[in-house]
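Working notes for the structure below.
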Amino acid sequence: MPEYEHVDLNLLIQCVVDYAIFMLDPTGHVVSWNPGAQRIKGYRAEEIIGRHFSVFYPPQEVTAGKPDRELATATVEGRLEDEGWRVRKDGTRFWANVIITALYDEAGHLRGFGKVTRDMTERRTVERALDERGQLLAHLVQAQEMERRRIAWDVHDDTIQSMVAVGMRLQLLATKAPAEHADALLRLNETVNASIGRLRNLTFRLHPPGIDSDGMVQGLSSYLDQVVVGAGLTYELTHDLDAEPPSETAITIFRICQEALTNVRKHARASAVKVSLTSADQGVYVRVTDDGVGFAEQVDSQVKRGHFGLIEMRQRAEVAGGWWNIRSEPGSGASVEFWVPAVRREAP
Amino acid sequence: MSEPRERPEQLKRPERPERLTVLIGDDEPLIREVLSEVLAAEPDLDVVATASDADEAIQLAVRHTPVVAILDVRMPGGGAWAAHEIRRLSPRTRVMAFSAYGDPGAVDEMRRVGVQEYLVKGLPNTDIVAAVRRVAAV
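This is how it looks when you write it as structure tokens:
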């Protein structure tokens, strides 16, 4: 191969910023890096060269052995193409199109792998939002939310009102009844009141007020005021959003935050919680961080033990076409982070 | 033209001419009924009318000019609309919200139309009575 072709090829690889183009040794360690890889994955060359390429994969896929499986397939078949979530240096994810090519020398020895990765997040997000599946999902989210709202309103406007009337009537009777019955009536009233309190909590969880009328940030802020401050924690809500997300996105974000905050309240023994919302990759990136006791257990084993809150959060994000992750270490709090697409469709 | 007839209870208690008149607006009959009884059991309170929607509450407030109107926030026609119109057409009447909902949005909406007190349903009867007297004293 003439010398100038080497030069041009290197120049090409070094100038390309839309594709991460780099090489792995036969065991999967990074041996070269280009500006596109730095732009897409966030690592500088000196930070990543020498590290195993499994750092680019979500933790559960590493646990499942996907990186090694991909190299094995490429080794046998010569190449492998895959699409899926990959992790950037800062822990956020992007939807990647990946091609791994096995590189053999003239003697037929495996010298390593060439890897070309492209960030497809925005394209996938827009395509999915506009396709039939995306629309169906949006309708499903809306339908579920309407159902929850209807149940909450029924409980509020019917059951709770009747019980309030019963309580008032019991108090009234207690003022007229002989002393020996008055106490019993007041105790009955207390039981009724406690049930009203529980029903109110139920309706609040089913359909927090303001969720669909005041905008997502305001809705979250009211929720934090009531639930987090009510539990004796302080909170900080920061947001940097380009626009109010479509309502199905807002609901998904709200519901995941609600579950994350429930976990903080019930398990974290935290004193402060931070919620941040940022527009990113045609979607919204959210972090819910607490300063509680944290945990060491892997998320997958918690999920296996039936920690339904975690399963629900992950499913909600994934069904919406996004991703979800929780990170924690004992003593240093926990951080739930997720991203969901936010593409506004034209009204039909 | 004949003099309006005095109400029997006023005849019974001539020593208390400054009785506190109250209108109740709530679409839930059970609540209307029991709230009327709770207030009527107080010697200084008089429930002069009950309404089951916003329009009825406004009409009765104009007719009776009660000292206090207690309005459900979510009754048909809207508690906020009723409060706004009662404040406009019967400026002497103070308005108090009595609601199953205590969320900031609902409270703000009622405050903006001149509601002076916002009670969440489920409070003890004694608190309700105290609130009526407090609102009347403003």
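Chains as they are written, first to last, in my numbering: chain R, 15 to 362; chain P, 319 to 456.
Backbone N, C-alpha and C define an ideal beta-carbon position, used for all residues, glycine too.
Nearest CA to the CA of residue i: which residue from the options?
i, options, result
"residue 231/R", "259/R, 208/R, 214/R", "259/R"
"residue 49/R", "247/R, 130/R, 149/R", "130/R"
"residue 221/R", "153/R, 266/R, 57/R", "266/R"
"residue 350/R", "53/R, 27/R, 278/R", "278/R"
"residue 116/R", "128/R, 122/R, 190/R, 105/R", "128/R"
"residue 412/P", "432/P, 344/P, 352/P, 368/P", "432/P"
"residue 350/P", "215/R, 179/R, 323/R", "179/R"
"residue 233/R", "449/P, 427/P, 423/P", "423/P"
"residue 228/R", "362/P, 421/P, 406/P", "421/P"
"residue 251/R", "236/R, 283/R, 257/R", "236/R"
"residue 323/R", "276/R, 247/R, 202/R", "276/R"
"residue 238/R", "357/R, 256/R, 218/R", "218/R"
"residue 282/R", "348/R, 245/R, 185/R", "348/R"
"residue 336/R", "99/R, 119/R, 82/R, 321/R", "99/R"
"residue 225/R", "28/R, 293/R, 122/R, 162/R", "162/R"
Could you check how far apart the C-beta atoms of residue i and residue j are, in whole angstroms? I think they sit under 8 Å.
i, j, result
"residue 382/P", "residue 366/P", "5 Å"
"residue 285/R", "residue 305/R", "6 Å"
"residue 110/R", "residue 97/R", "7 Å"
"residue 302/R", "residue 242/R", "Wrong, their Cβ atoms sit about 10 Å apart, outside the cutoff."
"residue 391/P", "residue 415/P", "6 Å"
"residue 160/R", "residue 206/R", "Contact doesn't hold; Cβ gap of about 30 Å is too wide."
"residue 200/R", "residue 208/R", "Contact doesn't hold; Cβ gap of about 13 Å is too wide."
"residue 51/R", "residue 34/R", "3 Å"
"residue 385/P", "residue 338/P", "5 Å"
Which residues in the same chain as residue i place their Cβ atom closer than 8 Å to its Cβ, once the five residues preceding and following it in sequence are excluded?
i, result
"residue 356/P", "443, 446, 447"
"residue 136/R", "295, 296"
"residue 396/P", "372"
"residue 334/R", "151, 155, 262, 263, 266, 354, 355"
"residue 173/R", "213"
"residue 194/R", "none"
Kindly list, in the order they appear in chain R, the residues whose Cβ is closer than 9 Å to that of residue i.
i, result
"residue 419/P", "170, 223"
Enumerate in chain order the residues of its own chain whose CB-to-CB distance from residue i is below 6 Å, with the five nearest sequence positions on each side excluded.
i, result
"residue 94/R", "84, 87, 88, 114"
"residue 76/R", "68"
"residue 66/R", "42, 43"
"residue 253/R", "231, 291"
"residue 40/R", "124, 126"
"residue 402/P", "431"
"residue 327/R", "270, 273, 338"
"residue 309/R", "342"
"residue 449/P", "435, 437"
"residue 133/R", "54, 108"
Is residue i close to chain R? Criterion is C-beta to C-beta, closer than 9 Å.
i, result
"residue 361/P", "no"
"residue 375/P", "no"
"residue 449/P", "no"
"residue 394/P", "no"
"residue 432/P", "no"
"residue 352/P", "yes"
"residue 456/P", "no"
"residue 453/P", "no"
"residue 397/P", "no"
"residue 331/P", "A caution first: residue 331/P carries a pLDDT of 47, below 50, which makes its placement in the model unreliable, though a value can still be read off. Not closer than 9 Å to any Cβ of chain R, the Cβ of residue 331/P fails to qualify, so no."
Note down, in chain order, each residue of its chain lying with its Cβ closer than 7 Å to the Cβ of residue i, except the 5 sequence neighbours on either side.
i, result
"residue 47/R", "36, 59, 62, 63"
"residue 408/P", "379, 380, 383"
"residue 155/R", "262, 265, 266"
"residue 102/R", "55, 56, 108"
"residue 330/R", "266, 269, 270"
"residue 326/P", "Only weak support is given to the placement of residue 326/P: the predicted model assigns it a pLDDT of 49, under 50, and the value that follows is read from those uncertain coordinates. Excluding positions up to five away in sequence, the list is empty."
"residue 38/R", "44, 45, 67, 126, 127, 129"
Under 9 Å between beta-carbons, which chain P residues line up against residue i? List them in chain order, please.
i, result
"residue 207/R", "440, 442"
"residue 186/R", "352, 355, 356, 359, 443"
"residue 210/R", "439, 440"
Which residues of chain P have a Cβ atom closer than 7 Å to the Cβ of residue i, listed in chain order?
i, result
"residue 176/R", "348"
"residue 183/R", "352"
Give the interface partners of residue i over in chain R, defined as CB-CB distance under 7 Å, in chain order.
i, result
"residue 422/P", "236"
For residue i, decide whether its Cβ has a neighbour in chain P, counting only Cβ atoms nearer than 9 Å.
i, result
"residue 265/R", "no"
"residue 328/R", "no"
"residue 65/R", "no"
"residue 239/R", "yes"
"residue 189/R", "yes"
"residue 214/R", "yes"
Just the chain P side, please: which residues come within less than 8 Å of residue i by C-beta, in chain order?
i, result
"residue 179/R", "346, 348, 349, 351, 352"
"residue 228/R", "423"
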